[in-house]
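In UniProt numbering, each residue's number is its place in the sequence shown (first place is 1) plus 3.
Think of the CB as a built atom: it goes at the ideal place given N, C-alpha and C, for glycine as much as any other residue.
Quick caveat, the model's predicted, so the values are computed rather than measured.
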Amino acid sequence: GMKGAIFDLDGVIVDTAKYHYLAWRSLAERLGFEFTEAHNERLKGVSRVESLRILLEVGGVEATEEERLEMADTKNKEYINYISQLDPSEILPGAKEYLELLRSQGVKIALGSASKNAEFILSRLSITDLFDAVIDGTKVSKAKPDPEVFLAASAALQLNPLDCVVFEDAEAGVQAGKAAGSKVVGIGSPDILKEADIVIAGLYELLAQ
Ligand code: G16
Ligand code: MG
Numbered sequence: 004g005m006k007g008a009i010f011d012l013d014g015v016i017v018d019t020a021k022y023h024y025l026a027w028r029s030l031a032e033r034l035g036f037e038f039t040e041a042h043n044e045r046l047k048g049v050s051r052v053e054s055l056r057i058l059l060e061v062g063g064v065e066a067t068e069e070e071r072l073e074m075a076d077t078k079n080k081e082y083i084n085y086i087s088q089l090d091p092s093e094i095l096p097g098a099k100e101y102l103e104l105l106r107s108q109g110v111k112i113a114l115g116s117a118s119k120n121a122e123f124i125l126s127r128l129s130i131t132d133l134f135d136a137v138i139d140g141t142k143v144s145k146a147k148p149d150p151e152v153f154l155a156a157s158a159a160l161q162l163n164p165l166d167c168v169v170f171e172d173a174e175a176g177v178q179a180g181k182a183a184g185s186k187v188v189g190i191g192s193p194d195i196l197k198e199a200d201i202v203i204a205g206l207y208e209l210l211a212q
C-alpha cells in the first residue's frame with residue numbers, strides 16, 4: 004500500500020500557472036513579442052531558468068547571462084506580487100480534504116515542486132502544517148524529468164520511493180515520478196500524461212463519496 008504521498012504544487016494543489024503566465028507575458032511584451040497561453044503550456048513544471056530559455060527561444064531573442072539573470076529576477080518579482088494575494092480559497096477542489104484524509108490514514112506527505120517560491124505559497128494557502136517534508140527548487144538542482152526532487156522527497160519521509168505515490172500534472176513530472184520508481188497519479192488529460200499509472204481530473208475524485 005501507499006506509505007507516502009508526494010505532491011507537485013502548481014497544477015495539483017493550486018493553479019499558480021496563471022500567475023506565472025501573466026508575469027512571463029509582461030516580460031515578452033517588454034521584449035516586443037507575443038507569448039500565448041499555448042506557449043505557456045511548455046513552462047509547466049519547468050524550472051525558472053529553463054522557462055526563460057524557452058520564452059527567449061519563442062521570441063527569437065538573444066540575451067547575455069547577465070541579461071537573463073535580470074529578466075528572471077524581474078519576472079519573479081512580478082510573480083511574487085501576484086502570489087502575495089493568494090488565499091486558501093485558491094486551493095484546488097478537494098486538495099486540502101485529500102491531504103487531511105491521507106494524514107488520518109497515517110500516510111506521510113511531502114511536497115515535490117520545482118518552485119523556489121513553494122514555502123511562501125504553502126504559507127499563503129495556510130497548508131504548511133499538512134506536509135511532513137517540503138522539497139522544492141531551493142533544495143534540488145536537477146529539473147524534472149530527472150527524479151531528484153521525488154527521490155529527495157521520499158528520503159525526507161524516510162521511505163522507499165517504491166512505497167510512495169507521486170501526484171503530478173506535468174508530463175516531465177510524471178516521467179520524474181516513474182524514474183524515481185514510484186507509482187504516479189496524473190492530474191489532467193490522459194492524452195498528455197500517457198506514462199502515469201492512472202489519470203484523474205483532480206484530487207476531488209479521490210475523496211470518499
Ligand atoms: C512550478 C511551475 C513552473 C515554474 C516552476 C519554478 O513547478 O509549474 O511553471 O517555472 O515551478 O517556479 P519558481 O519561478 O517559483 O521557482 P511545480 O513543480 O510546482 O509544478
Ligand atoms: Mg505542476
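Would you decide whether Pro-150 is buried or exposed? Buried here means 16 or more other CB atoms lie within 10 Å of its CB.
So Pro-150 counts as buried.
Between which two residues does the beta strand (DSSP E) carrying Phe-123 extend?
Per DSSP, Phe-123 belongs to no beta strand (DSSP E); it is in the alpha helix (DSSP H), 121-127.
Could you name the residues of the same chain whose beta carbon sits closer than 7 angstroms to that of Leu-59, not counting the 5 residues immediately before and after it, in chain order?
Within the same chain, Leu-59 has close Cβ partners Ala-66.
Which residues have their C-beta within less than 7 angstroms of a heavy atom of ligand 2, listed in chain order?
Going along the chain, the residues that qualify are Asp-11, Leu-12, Asp-13, Gly-14, Val-15, Lys-47, Gly-48, Glu-171, Asp-172, Ala-173 and Gly-176.
What are the boundary residues of the beta strand (DSSP E) that includes Ala-188?
The sequence shown places Val at residue 188, not Ala. Residues 186-190.
Once you ignore the five residues that flank Ile-195 on each side, which residues in its own chain have a CB closer than 7 angstroms to its CB?
Closer than 7 angstroms at Cβ, skipping near neighbours: Glu-174.
Assign Tyr-207 to buried or exposed, taking buried as 16 or more other Cβ atoms, counted over all protein chains shown, within 10 Å of its Cβ.
So Tyr-207 ends up on the exposed side.
Give every residue of the same chain whose Cβ lies closer than 7 angstroms to the Cβ of Ala-136, excluding the five residues on either side of it in the sequence, and list them in chain order.
The residues are Ala-113, Ala-156, Ala-159 and Leu-160.
Would you kindly work out how many angstroms separate the C-alpha atoms of Gly-109 and Glu-171, rounded to a whole number?
Roughly 21 angstroms separates the two Cα atoms.
Within 10 Å of its beta-carbon, does Val-143 have 16 or more other beta-carbons around it, so buried, or fewer, so exposed?
Val-143 is buried by the Cβ-count criterion.
Would you kindly work out how many angstroms separate the C-alpha atoms of Gly-48 and Ser-192, rounded to a whole number?
Rounded to the nearest angstrom, the two C-alpha atoms are 15 angstroms apart.
Exposed or buried, Arg-33, counting other C-beta atoms within 10 Å across all chains shown (16 or more means buried)?
Its Cβ having fewer than 16 others within 10 Å, Arg-33 is exposed.
Roughly how many whole angstroms lie between the Cα atoms of Ser-116 and Gly-35?
Whole-angstrom Cα-Cα distance: 31 angstroms.
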